[in-house]
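Asker: Residue numbers (my numbering), protein chains in the order written: chain A, 7 to 125; chain B, 61 to 177. Questions regarding the structure given below will be posed in turn.
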Amino acid sequence: AQKVTQAQTEISVVEKEDVTLDCVYETRDTTYYLFWYKQPPSGELVFLIRRNSFDEQNEISGRYSWNFQKSTSSFNFTITASQVVDSAVYFCALSEGEGTTDSWGKLQFGAGTQVVVTP
Amino acid sequence: GAVVSQHPSRVICKSGTSVKIECRSLDFQATTMFWYRQFPKQSLMLMATSNEGSKATYEQGVEKDKFLINHASLTLSTLTVTSAHPEDSSFYICSARGMGGANYGYTFGSGTRLTVV
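Below is the structure:
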């Protein structure tokens, strides 16, 4: 069963517009981690954020912000005032368990959302 | 800290040959390394988990005899694609988990783009 759902396949915006990427996850574990990664055309995965299941505080880092809501199992990502350099595929991922379990560090990725920012 | 190095970044090989990909943890000891595969325009899928000094655990549908994983030291894991065929052409990427939870597996190598011709 799909554990991480990114329903948006592609989002196109004009520079300076805001863009929000949705991520819905599914897990029975009480301890888990959620991640967002950026994958530019060159292919490498750029780590953006890691959030544990016990910390529901929203986070802001520059133009990036994240909204974590356990009640709806969502971990959405917003890019404010988008720029052309933000064009990439963005992945949401889930890691279940904690430090002593075999699954620790094993990531399950969503399908990814392609963001296209045009000048 | 928590740097993972992966080589080569790109490789082209002939059908039927084998290719070895290396994944190194540079500043921590990786007790576990994870190998993922990404086909074009698709997501990343876990192929296998390798633990230092023991056999790798493969995900369902991944041929262990085709994708040989060796994790002989706490800083190096290798993935060998044996008798490669064009359908093995993909992006392979690793991550690592260290002792005491170091790096929780969230830093990845830079990936290897394999093209089999």
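For every residue, glycine included, the Cβ atom is placed at its ideal position computed from N, Cα and C.
Mind pulling the chain A residues with CB within less than 9 Å of B/ILE153?
Answerer: GLY49, GLU50 and LEU51
Asker: Could you tell me if B/LEU86 is buried or exposed, where buried requires 16 or more neighbouring beta carbons within 10 angstroms of its beta carbon?
Answerer: With a 10 Å radius around the Cβ and a threshold of 16 neighbouring Cβ atoms, B/LEU86 comes out exposed.
Asker: Taking the runs of the beta strand (DSSP E) that are 3 residues or longer, which of them lie wholly in the region 87-133 of chain B?
Answerer: With a minimum length of 3 residues, the continuous beta strand (DSSP E) runs that stay inside the region 87-133 of chain B are 90-98, 104-111 and 127-133.
Asker: If you drop the 5 nearest sequence neighbours on each side, which residues of the same chain put their C-beta closer than 7 Å to that of B/LEU134?
Answerer: GLN89, ALA90, THR91 and GLU112
Asker: So with CB distances below 8 Å, who are the chain D contacts of B/PHE127?
Answerer: Of the chains in the structure shown, none is chain D; the protein chains are A and B.
Asker: Compare the C-beta of A/GLY116 against all C-beta atoms of chain B and say whether one is closer than 8 Å.
Answerer: Taking a beta-carbon distance threshold of 8 Å, A/GLY116 counts as an interface residue toward chain B.
Asker: Taking 8 Å as the limit between beta carbons, can you name the residues of its chain near A/TYR70, skipping five residues before and five after?
Answerer: Counting only Cβ-Cβ distances below 8 Å, and skipping sequence neighbours, we find LEU54, ILE55, PHE83, THR84, ILE85 and THR86.
Asker: Compare the C-beta of A/PHE60 against all C-beta atoms of chain B and say whether one is closer than 8 Å.
Answerer: no
Asker: What are the residues of the region 55-88 of chain A that lie near chain B, defined by any Cβ-Cβ distance shorter than 8 Å?
Answerer: Cβ contacts with chain B: ARG56.
Asker: I'd like to know whether the C-beta atoms of B/THR172 and B/SER69 end up nearer to each other than 8 Å.
Answerer: yes
Asker: Run through chain B and tell me which residues come within less than 7 Å of A/LYS112, C-beta to C-beta.
Answerer: PHE94, LEU106, THR109 and GLY165
Asker: With distances taken Cα to Cα, identify the nearest neighbour of B/TYR166 among B/CYS73, B/TRP95 and B/GLU82.
Answerer: B/TRP95 is the residue among B/CYS73, B/TRP95 and B/GLU82 whose C-alpha sits nearest the C-alpha of B/TYR166.
Asker: Answer yes or no: does any C-beta atom of chain A fall closer than 8 Å to that of B/ARG157?
Answerer: yes
Asker: Taking the straight line between their C-alpha atoms, what separation do you get for A/PRO46 and A/VAL123?
Answerer: 12 Å
Asker: What residues of chain A sit near B/ARG173, judged by a beta carbon separation below 9 Å?
Answerer: GLY49
Asker: Report the partner residues of A/LEU57 according to the DSSP bridge assignment.
Answerer: According to the sequence as given, residue 57 of chain A is Arg; it is not Leu. In DSSP, A/ARG57 forms a bridge with A/LEU40.
Asker: Is there a Cβ from chain A that is less than 8 Å from the Cβ of B/SER149?
Answerer: It does not; no Cβ of chain A falls within 8 Å.
Asker: What separation, rounded to the nearest whole angstrom, lies between the Cα atoms of B/SER155 and A/SER77?
Answerer: Approximately 30 Å between the Cα atoms of the pair.
Asker: Which residues in chain A have a C-beta closer than 8 Å to the C-beta of B/SER103? List them in chain order.
Answerer: PHE97, PHE115, GLY116, ALA117 and GLY118
Asker: Within its chain, find whatever has a CB closer than 6 Å to the CB of B/LEU136; leave out the 5 residues flanking it on each side and keep chain order.
Answerer: Cβ within range, chain order: ARG84.
Asker: From the DSSP output, in three-state form, read off A/SER77 for me.
Answerer: helix
Asker: Measure the alpha-carbon distance for B/THR142 versus A/ALA99 and round it to whole angstroms.
Answerer: 29 Å
Asker: Report the option in A/VAL121, A/GLY49, A/PHE74 and A/TRP42 whose CA atom is closest to the CA atom of A/SER93.
Answerer: A/VAL121
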